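> These protein sequence lines are chains E and A, in that order. Add 1478 to the 1-based position in the first sequence for our numbering, that's all there is to it. FYI, our numbering numbers position 38 of the second sequence as 30, with every residue one higher than the one before it. Take this structure first; my questions come after.
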Amino acid sequence: DTAVSQTPKYLVTQMGNDKSIKCEQNLGHDTMYWYKQDSKKFLKIMFSYNNKELIINETVPNRFSPKSPDKAHLNLHINSLELGDSAVYFCASSQYPLSGSVGEQYFGPGTRLTVT
Amino acid sequence: RKEVEQDPGPFNVPEGATVAFNCTYSNSASQSFFWYRQDCRKEPKLLMSVYSSGNEDGRFTAQLNRASQYISLLIRDSKLSDSATYLCAVNDGGGFKTIFGAGTRLFVKA
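Shown next, in the form of structure tokens:
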């Protein structure tokens, strides 16, 4: 069973289009994340949700809108795609760190977005 | 200063070698520390959490030095299959934000 799944795996689209990426986790975690990994391989957090509530929004353009219908799902909608949005987008999940020492994250396989 | 900085790579080592990676972090209030491994065109996968007392998992040893604000990863008896990018990660505050280093690429050669 796949723990964290994302669809689609590849997305090729033209500038100006709107696209969505979906993420689901079956680990029972209550926190989910979106990360962007650019061509230099730097992995940067975009959003974090805890129990469907937005916790972190890391100065991401408002063309990016996450939505969490329940704590097992976190989707990402991107409006008016730009060339600079080309990257790999990873979804991840973790359990809320009750003791402060937990926080291991489990990543989905990634969505490779190419904007032409 | 970057929040999390790693040794620049790549590291090229022969099979059987011992290799060490360091990672420094800027926030002294950071509470949780991790090493992830990322293979080419794959997702990051947790390699080890790093505990204050240091921890070992087979050929891998992780250590934390809070005073100097760095974590390390030691790989003994390197295997070809250890070739990957190693990312250190620091989890701040309540656990919702994890900051990743840029990664260190390791190539193990036969």
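We put the beta carbon where it would ideally sit given N, CA and C, even for glycine. In this text, all values refer to a predicted model and were calculated from it rather than measured experimentally.
Is it a yes or a no for the segment 9 to 20 of chain A touching the segment 56 to 68 of chain A, going by three-plus beta-carbon pairs under 8 Å?
With a cut-off of 8 Å, the segment 56 to 68 of chain A and the segment 9 to 20 of chain A count as touching, because enough Cβ pairs lie within range.
> Measure from the C-beta of A/G8 to each C-beta in chain E and report whether the shortest distance is under 9 Å.
Residue 8 of chain A sits at position 16 when you count from the first residue of the second sequence. Output row for A/G8: interface = no.
> Flag E/P1544 as yes if its beta-carbon sits less than 9 Å from any beta-carbon of chain A, otherwise no.
In the first sequence, counting from the first residue as 1, residue 1544 of chain E sits at position 66. By this cut-off, E/P1544 is not an interface position.
> If I follow the unbroken beta strand (DSSP E) through E/H1507, where does it start and stop?
What you label residue 1507 of chain E is simply residue 29 of the first sequence in a count that begins at 1. E/H1507 -> no beta strand (DSSP E), and no H or E assigned at all.
> With a 10 Å radius around its C-beta and 16 neighbouring C-beta atoms as the bar for buried, classify A/A21 as buried or exposed.
Position 29 of the second sequence, counted from the start, is the residue given in the question as residue 21 of chain A. Exposed is the call here.
> According to DSSP, A/N57 sits in a beta bridge with which residue or residues?
Along the second sequence, one-based indexing puts residue 57 of chain A at 65. A/N57 is bridged to A/Y62.
> Just to confirm the assignment, what range does the beta strand (DSSP E) spanning A/N83 have?
Taking the first residue of the second sequence as position 1, residue 83 of chain A is located at position 91. A/N83 -> beta strand (DSSP E) spans 76 to 84.
> When you check each C-beta in the segment 1519 to 1538 of chain E against every C-beta of chain A, which residues fall closer than 7 Å?
Listed by position along the chain: K1519, F1520, L1521, I1523, S1526, N1528, I1533, I1534.
> Would you please verify whether the beta carbon of E/P1547 is less than 9 Å from any beta carbon of chain A?
On the first sequence, residue 1547 of chain E is found 69 positions in, with the first residue counted as 1. Not one chain A Cβ lies under 9 Å of E/P1547.
> According to DSSP, is E/G1586 part of a helix, a strand, or is it coil?
The residue labelled residue 1586 of chain E in the question sits at position 108 within the first sequence. Three-state result, E/G1586: coil.
> Enumerate in chain order the residues of its own chain whose CB-to-CB distance from E/L1554 is below 6 Å, with the five nearest sequence positions on each side excluded.
Along the first sequence, one-based indexing puts residue 1554 of chain E at 76. Only I1499, W1512, P1544 meet the Cβ criterion.
> Note down the Cα distance separating E/G1428 from A/T53, rounded to an integer number of angstroms.
In this structure chain E extends from 1479 to 1594, so residue 1428 of chain E is not present and cannot be described.
> Can you confirm whether E/G1506, when its beta carbon is compared against all beta carbons of chain A, has any partner nearer than 9 Å?
Within the first sequence, residue 1506 of chain E is the residue found at index 28, counting from 1. No, E/G1506 lies away from the interface with chain A (no Cβ there is under 9 Å from its Cβ).
> Among residues of its own chain, excluding the 5 on either side of A/A94, which ones have a beta-carbon nearer than 7 Å to its beta-carbon?
Reading the second sequence from its first residue, position 102 is the one you call residue 94 of chain A. Taken in chain order, the residues that qualify are Q(-2).
> If I follow the unbroken beta strand (DSSP E) through A/Q23, where does it start and stop?
In the second sequence, residue 23 of chain A corresponds to position 31, counting from 1. Taken as a continuous stretch (DSSP letters only), A/Q23 belongs to no beta strand (DSSP E), as it is neither H nor E.
> When DSSP labels each residue in this structure, what does E/V1593 get in the three-state scheme?
Translated into the one-based positions of the first sequence, residue 1593 of chain E becomes position 115. Three-state DSSP puts E/V1593 in a strand.
> Using DSSP with H/G/I as helix, E/B as strand and the rest coil, what is A/L39?
By 1-based counting over the second sequence, the position of residue 39 of chain A is 47. Strand at A/L39.
> Taking Cβ to Cβ, would you say A/F88 is nearer than 9 Å to A/P2?
The residue given as residue 88 of chain A occupies position 96 in the second sequence. The residue given as residue 2 of chain A occupies position 10 in the second sequence. No. Outside cutoff.
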